[in-house]
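Here is the structure we will look at.
There are 2 protein chains.
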Amino acid sequence: MLELVEDLTAWRREGRRFAVATVVSVSGSAPRPPGAALAVDDRGEVVGTVSGGCVEGAVYELCREALATGEPVVHRFGWSDDSAFAVGLTCGGAIEVFVHPTPLLPDAAHHLLLARIVTGPPGTPGRTMTVRDGATSGTLGDPALDDEVTACRTTQVVRTVDRRTGAPIEVMVEVAAPPPRLLVFGALDFAAALSDVGNLLGYRVTVCDPRPVFATDRRFPSAEVVVDWPHRYLERTEVDERTAVCVLTHDPKFDIPVLTTALRMPLAYVGAMGSRRTHRERTRLLVEAGVTQAQLARLRSPLGLDLGARTPEETALSIAAEIVAHRHQATGLPLTDLTGPIHACVPPAAPTTALVQSFPSMTC
Amino acid sequence: MLELVEDLTAWRREGRRFAVATVVSVSGSAPRPPGAALAVDDRGEVVGTVSGGCVEGAVYELCREALATGEPVVHRFGWSDDSAFAVGLTCGGAIEVFVHPTPLLPDAAHHLLLARIVTGPPGTPGRTMTVRDGATSGTLGDPALDDEVTACRTTQVVRTVDRRTGAPIEVMVEVAAPPPRLLVFGALDFAAALSDVGNLLGYRVTVCDPRPVFATDRRFPSAEVVVDWPHRYLERTEVDERTAVCVLTHDPKFDIPVLTTALRMPLAYVGAMGSRRTHRERTRLLVEAGVTQAQLARLRSPLGLDLGARTPEETALSIAAEIVAHRHQATGLPLTDLTGPIHACVPPAAPTTALVQSFPSMTC
Numbered sequence: 221m222l223e224l225v226e227d228l229t230a231w232r233r234e235g236r237r238f239a240v241a242t243v244v245s246v247s248g249s250a251p252r253p254p255g256a257a258l259a260v261d262d263r264g265e266v267v268g269t270v271s272g273g274c275v276e277g278a279v280y281e282l283c284r285e286a287l288a289t290g291e292p293v294v295h296r297f298g299w300s301d302d303s304a305f306a307v308g309l310t311c312g313g314a315i316e317v318f319v320h321p322t323p324l325l326p327d328a329a330h331h332l333l334l335a336r337i338v339t340g341p342p343g344t345p346g347r348t349m350t351v352r353d354g355a356t357s358g359t360l361g362d363p364a365l366d367d368e369v370t371a372c373r374t375t376q377v378v379r380t381v382d383r384r385t386g387a388p389i390e391v392m393v394e395v396a397a398p399p400p401r402l403l404v405f406g407a408l409d410f411a412a413a414l415s416d417v418g419n420l421l422g423y424r425v426t427v428c429d430p431r432p433v434f435a436t437d438r439r440f441p442s443a444e445v446v447v448d449w450p451h452r453y454l455e456r457t458e459v460d461e462r463t464a465v466c467v468l469t470h471d472p473k474f475d476i477p478v479l480t481t482a483l484r485m486p487l488a489y490v491g492a493m494g495s496r497r498t499h500r501e502r503t504r505l506l507v508e509a510g511v512t513q514a515q516l517a518r519l520r521s522p523l524g525l526d527l528g529a530r531t532p533e534e535t536a537l538s539i540a541a542e543i544v545a546h547r548h549q550a551t552g553l554p555l556t557d558l559t560g561p562i563h564a565c566v567p568p569a570a571p572t573t574a575l576v577q578s579f580p581s582m583t584c
Numbered sequence: 221m222l223e224l225v226e227d228l229t230a231w232r233r234e235g236r237r238f239a240v241a242t243v244v245s246v247s248g249s250a251p252r253p254p255g256a257a258l259a260v261d262d263r264g265e266v267v268g269t270v271s272g273g274c275v276e277g278a279v280y281e282l283c284r285e286a287l288a289t290g291e292p293v294v295h296r297f298g299w300s301d302d303s304a305f306a307v308g309l310t311c312g313g314a315i316e317v318f319v320h321p322t323p324l325l326p327d328a329a330h331h332l333l334l335a336r337i338v339t340g341p342p343g344t345p346g347r348t349m350t351v352r353d354g355a356t357s358g359t360l361g362d363p364a365l366d367d368e369v370t371a372c373r374t375t376q377v378v379r380t381v382d383r384r385t386g387a388p389i390e391v392m393v394e395v396a397a398p399p400p401r402l403l404v405f406g407a408l409d410f411a412a413a414l415s416d417v418g419n420l421l422g423y424r425v426t427v428c429d430p431r432p433v434f435a436t437d438r439r440f441p442s443a444e445v446v447v448d449w450p451h452r453y454l455e456r457t458e459v460d461e462r463t464a465v466c467v468l469t470h471d472p473k474f475d476i477p478v479l480t481t482a483l484r485m486p487l488a489y490v491g492a493m494g495s496r497r498t499h500r501e502r503t504r505l506l507v508e509a510g511v512t513q514a515q516l517a518r519l520r521s522p523l524g525l526d527l528g529a530r531t532p533e534e535t536a537l538s539i540a541a542e543i544v545a546h547r548h549q550a551t552g553l554p555l556t557d558l559t560g561p562i563h564a565c566v567p568p569a570a571p572t573t574a575l576v577q578s579f580p581s582m583t584c
């Protein structure tokens, strides 16, 4: 549900009532991971998606019912061999959704843990707890369960039993991380287009260039703009293993110092723009600057997927596509020409006996 | 220059003076095609790009000089073996830019032809003519040349001689087409994300779905929203050989009629979402509906490049990336893992003796 917090907060401000359906488990080739959500308001308006289309209509009706009854409910959708037209996932996967009328709404999604009881003894489904910066609001009704859930670091379903009644309890835990960073070096139009695409993908984008006439807020409305030498900024700013770095200057006086710095950091992606010739010359200069072969092997250069891109927007698309493909270890080839499942990183059906079953986080 | 018309119109409204540098010829691995432009205003602010970075600084200075002198000038940038740090295209290509102080500015870019004399007898460089919907404004000084230029259908440089003096004349002709269309069938969150990416790429996006609760303007702020059955809308709307069609519903009752219609049209791209299983079932139903093997072979299904996409935004990126790669007949593979030139569709150096040398259009 956390992915909808912004939309739902707007609905709440407008005084609308709504029900939210959240995916709590998936198996097979289901298109959306646990935590994916769809909401319907009291006028019948919709935001979000749980399945990429195939069961949206049925989930919509579940939300309307939950709004009418006020009761949370869990529903399973799976493939039915009887008919391709029945309500089911034609993809062959199965998903379980938790439908919650007028759920408690956290006031923002970042740095947040949201836990809700999905199944449990009467009266417990829908109980909610949130943790932000170590501060807990609400309770699931059992301090030990609250503690167990607080320790979760990824989106997952916690399965346990009610201490008093022995009844099984499932808790959907959604963990929201701050947005990953995309650092773009070189204040040119390619950077502006890449900022836009990066924003769409949920990155916090920074454009850095030492030349104040190029690096202006006006040119990069969708990015934070920093006037500094790339390597100096990279050394002083906060990065993590999700950070993507794109060096677009293809000018050795900027490229070599910043790449030398970046290739020694544990970043998700380091790419540099340029032709084959630029690449050869840059590689030579990087080796001269002391970059090892192992570090060099991490450099995506020329960066981007081969889309035949020409315009800044196409080039930005090609770079963003490589960042995503690299993150998911995917090939970049047309799905039409491949075989095998499309969503390779979805785990097999969750064993129901496990006490705690981890799902990949939303960014898997 | 047409790609900057919107920005430059804003500058003009604010009373700023500016010079524009437009790429008039390219050879080798130059990153931007003819027509690409960069502008600098009297305060030193910049929009646009001519080279993706490597000669931006020098072009910036040319624009400042042109603003100071009031004279248009042509300048050539090529690779210099002397130093990787010299002003040149490190990519190994060469570009020629035409720098024009305070050029005549057409009032919008679509459905427009803009012709400017780049080189010619004294007093003629900078002369401008525009044609919109058959109506001509301005003249290049020679009715026969005006007629020749008016007949151009793509962005190109027309090379001829001055009738009176016999001096060579080069005319940069930029032709702007209306934006291509992206038709998205299925009003789900994937469609919203795809609308955003399509807009970035310059598409006019339409989202069509027969279900009014899903197809609302509020959900798709970056698209035109149509409530209708997909195949009915496709039959009645205007399409051309640049139109991309994405069928995201993966529900046979929508998919089969609209794909049967689309695969018989001369469209740029027809893609359909779904798992392998959905694809097999859909293929069977399409054949039953009378779609031929040749028509089926045009269908991109499951649509998109293999990026391991999971979120609606990643999926939209994967679809947009396939549309671009398909247009340019590119592989989708990481450029790092390929060899050969990155910008395969740039023609070799333009022979200077040809009377008319066509360049690929901006969308090449």
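Residue numbers (my numbering), protein chains in the order written: chain A, 221 to 584; chain B, 221 to 584. Just so it is clear, CB atoms sit at the ideal spot from N, CA and C, and this is done for glycine as well.
Residue i versus residue j: straight-line alpha-carbon distance, rounded
| i | j | result |
| --- | --- | --- |
| F405/B | D362/B | 50 Å |
| P450/B | V275/A | 19 Å |
| V240/A | T463/B | 36 Å |
| A230/B | A278/B | 25 Å |
| S271/B | F318/B | 13 Å |
| D261/B | R424/A | 30 Å |
| S303/B | P472/A | Its pLDDT being 38, under 50, S303/B is placed unreliably by the model, and the measurement read from it follows with that caveat. Roughly 11 Å between the two C-alpha positions. |
| I476/B | G235/A | 41 Å |
Min CB distance residue i to chain A below 8 Å
| i | result |
| --- | --- |
| V307/B | Residue confidence for V307/B is low, a pLDDT of 46 falling below 50, so the modelled location carries little weight; the figure read from the coordinates is stated next. With 8 Å as the cut-off, V307/B does not count as an interface residue toward chain A. |
| V266/B | yes |
| L325/B | no |
| D301/B | For D301/B, the predicted model reports a pLDDT of 42, less than 50, meaning its position is unreliable; a value from the coordinates is still stated below. Judged by the 8 Å Cβ criterion, D301/B is not in contact with chain A. |
| G386/B | no |
| Q607/B | What the structure shows of chain B is the stretch from 221 to 584, and residue 607/B is not part of that stretch, so it cannot be assessed. |
| D353/B | no |
| S245/B | no |
| P341/B | no |
CB contact check: residue i to chain B, cutoff 8 Å
| i | result |
| --- | --- |
| G298/A | no |
| F405/A | no |
| T556/A | yes |
| A397/A | no |
| P321/A | no |
| E276/A | yes |
| T269/A | yes |
| E542/A | yes |
| T457/A | no |
| D437/A | no |
| D416/A | yes |
Sub-8 Å separation of residue i and residue j beta-carbons
| i | j | result |
| --- | --- | --- |
| V246/B | I315/B | yes |
| E331/A | R347/A | Residue 331/A is actually His in this sequence, not Glu. No, Cβ-Cβ distance for H331/A and R347/A is not below 8 Å. |
| T426/B | R456/B | no |
| A407/B | A435/B | yes |
| A443/B | V465/B | no |
| V490/A | R520/A | yes |
| G552/B | L553/A | yes |
| M349/B | V369/B | yes |
| P432/A | T269/B | no |
| V446/B | T480/B | no |
| A540/B | L414/B | yes |
| M493/A | P522/A | yes |
From the options, residue whose alpha carbon lies closest to that of residue i
| i | options | result |
| --- | --- | --- |
| L441/B | T457/B, V417/B, H451/B and T463/B | Position check: residue 441/B holds Pro in this sequence, whereas Leu was assumed. If we check each option's Cα against that of P441/B, V417/B comes out closest. |
| Q549/A | A397/B, L527/B and E542/B | L527/B |
| T374/A | R237/A, E281/A and P254/A | P254/A |
| F238/A | Q515/A, T229/A and P321/A | P321/A |
| D448/B | L487/B, A488/B, P486/B and L403/B | L403/B |
| G340/B | L360/B, E390/B and A364/B | E390/B |
| V225/A | L282/A, P323/A, A288/A and V243/A | P323/A |
| L360/A | R336/A, R379/A and R383/A | R336/A |
Counterpart residues of residue i in DSSP-defined beta bridges
| i | result |
| --- | --- |
| M349/A | A335/A and G358/A |
| L519/B | V490/B |
| F440/B | DSSP output for F440/B lists no bridge partner at all. |
| G268/B | L258/B |
| P321/A | A239/A |
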